[in-house]
Amino acid sequence: MVRRDSPRLSLSFVTSNAAKAAEAAVFLEAEGIEVHPVVRRLPEPQSERLEEVASAKLEAASDLPGAVLVEDSGLFVDALGGFPGVYSAYAFRTLGVAGLLRLLDGYPRGAEFRTAAALRWRGVKEVMLGAVHGQIAREARGTNGFGYDPVFVPEGERRTFAEMSLTEKGSLSHRARAMMAVSSRLRELLARPVSESSKK
Ligand code: IMP
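Taking numbering that gives the first Met the number 0 as reference, the numbering of the sequence shown is continuous, increasing by one, and the terminal residue is 199.
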């Protein structure tokens, strides 16, 4: 639903993965928030918390004006004690989806995708979380999306993320849930009086 009554908001979404920006835009643009993708590789510190990684990425984008959003995501598999979690990119490069399926052979399939979205605007810096629980499929299915999408089936669905359209994934994913929080926070900040120093 587009909120035509509200003032137009816009933000820069900084990422090296254009698919993330496209997915975030599905939710944010429906909320009347314009998304400008800024394709840039941001340094990621080694940390055990997605929130810390997202905050550090936001610091690295401190030269950009206006509302700035970055995010860090990971797949947390129950039977593997939350692995790969913050190591998801590394595990994807080394084990890949096939390696993850081999690791889980004979184990329960529950898993959670999480996103930590860090927002800076009008002098405020905040990290908001979104998560979706689901199951790791028995085999990779679908060609849409990226990363672990072919093996993740969100709760209440039979299809993997990779079998869904961008709009479908973008309305129910961990990223969409984090974007929901970002959208409400932006509106709260918009309604607040702004001091001269924090206007940029
Ligand atoms: P990062 O947030 O870019 O560091 O993502 C870590 C790893 O998780 C990368 O291998 C991504 O491809 C993967 N990943 C992040 N978000 C998603 C998603 O929405 N679907 C599938 N894989 C994802």
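We treat Cβ as the ideally placed atom computed from N, Cα and C, and that holds for glycine.
Residue i, enclosing beta strand (DSSP E) - first and last residue
{"i": "R113", "result": "G109 to W120"}
{"i": "V37", "result": "I32 to V38"}
{"i": "F12", "result": "L8 to T14"}
Close-in-space but distant-in-sequence residues of the same chain around residue i (CB under 7 Å, 5 per side omitted)
{"i": "F82", "result": "V76"}
{"i": "V150", "result": "V96, L99, L100, I135, A136, A139 and T159"}
{"i": "K56", "result": "L41, E43, V69, D71 and A117"}
Reduced DSSP category for residue i - H, G, I as helix; E, B as strand; rest coil
{"i": "E70", "result": "strand"}
{"i": "V193", "result": "coil"}
{"i": "M178", "result": "helix"}
{"i": "E47", "result": "coil"}
{"i": "H129", "result": "Per the sequence shown, the amino acid found at residue 129 is Gly instead of His. Correct three-state label for G129: strand."}
{"i": "M0", "result": "Residue placement at M0 is flagged as unreliable, the pLDDT there being 48, under the threshold of 50; a coordinate-derived value is accordingly withheld."}
{"i": "R186", "result": "helix"}
{"i": "G98", "result": "helix"}
{"i": "S61", "result": "coil"}
{"i": "A139", "result": "coil"}
{"i": "V145", "result": "Note that residue 145 corresponds to Phe in the displayed sequence, not to Val. In this structure, F145 counts as coil in the three-state DSSP scheme."}
{"i": "F160", "result": "helix"}
Beta-bridge pairing of residue i - partner residues as DSSP gives them
{"i": "Q134", "result": "G109 and V152"}
{"i": "V76", "result": "A110"}
{"i": "V123", "result": "W120"}
{"i": "P83", "result": "F75"}
First and last residue of the uninterrupted alpha helix (DSSP H) at residue i
{"i": "L89", "result": "According to the sequence as given, residue 89 is Tyr; it is not Leu. Its alpha helix (DSSP H) spans residues S87 to T93."}
{"i": "S170", "result": "L165 to L171"}
{"i": "F26", "result": "A17 to A29"}
Cβ-based neighbour list, residue i, same chain, cut-off 6 Å, excluding 5 preceding and 5 following
{"i": "M127", "result": "A116, A177, A180 and V181"}
{"i": "A90", "result": "P83"}
{"i": "R108", "result": "Q134 and I135"}
{"i": "V13", "result": "V37, R39, A60 and V69"}
Cut-off 8 Å between Cβ atoms - residues of its own chain near residue i, not counting five sequence neighbours on either side
{"i": "S87", "result": "S72, G73, L74, G146 and Y147"}
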